[in-house]
Structure formats: structure tokens, C-alpha cells
Amino acid sequence: MKLSARNALKGKIEELHKGAVTTTLKIVVDGGNHITSSITNEAADDLALAVGDDVTAIIKSSDVIIGK
Numbered sequence: 053m054k055l056s057a058r059n060a061l062k063g064k065i066e067e068l069h070k071g072a073v074t075t076t077l078k079i080v081v082d083g084g085n086h087i088t089s090s091i092t093n094e095a096a097d098d099l100a101l102a103v104g105d106d107v108t109a110i111i112k113s114s115d116v117i118i119g120k
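For reference, each letter of the sequence shown is one residue, going 53 to 120 in the working numbering.
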């Protein structure tokens, strides 16, 4: 599959928490950095995601908001 997004980070699912509507994933990527993603439960089920799975986080965004 080809994608227009250029930010694709390979990693491994470290934590997976299924809520009422969404599943939150904590993914460890290169150098021990983490990305957190929220996806629908339906998407998580369709992908059969589990802790330890190798995944790719694909990021397509025009804004990055930082607060302190």
C-alpha cells in the first residue's frame, strides 16, 4: 500500500487499553520514544491488535500543538 503521508514510524505496541468506544495504544519507537494513539475499538478489532505486535504509526497532520 502506498500512502501520501511521509511520517511512518515503525514500533511495537507496549500498552493497549480498550475503553467504551476507543482503544488507546502506547507504541515504543526507535530510541525508546513513545507515541500514543487513540483509534476506534472497531479498528483495533479489525487489525487484531495486541501488546507486542509490530506496527507502523502513520502521522499526517498539518498542526502540532505544544503546551507547557
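Here a beta-carbon is modelled for each residue, glycine too, at the ideal position from N, C-alpha and C. Since the structure is predicted, the reported quantities are computational estimates derived from the model, not experimental observations.
What first and last residue would you give for the alpha helix (DSSP H) that runs through residue i?
i: Leu101; result: Per DSSP, Leu101 belongs to no alpha helix (DSSP H) and is neither H nor E.
Which whole-angstrom value describes the C-beta separation of residue i and residue j, a residue pair presumed to lie in contact below a C-beta threshold of 8 Å?
i: Gly104; j: Val81; result: That pair is no contact at about 15 Å.
Note the first and the last residue of the continuous beta strand (DSSP E) segment covering residue i.
i: Leu77; result: Thr74 to Val81
i: Ile117; result: Ile117 -> no beta strand (DSSP E), and no H or E assigned at all.
i: Ser90; result: Asn85 to Thr92
If we ignore side chains and look at the alpha-carbon of each, how far apart do residue i and residue j end up?
i: Ile79; j: Ile118; result: 20 Å
i: Ser113; j: Glu94; result: 23 Å
i: Thr88; j: Ser56; result: 21 Å
i: Ile110; j: Lys54; result: 12 Å
i: Gly84; j: Ala100; result: 24 Å
Could you pull the DSSP bridge partners for residue i from this structure?
i: Ala109; result: Leu61
i: Lys70; result: Thr75
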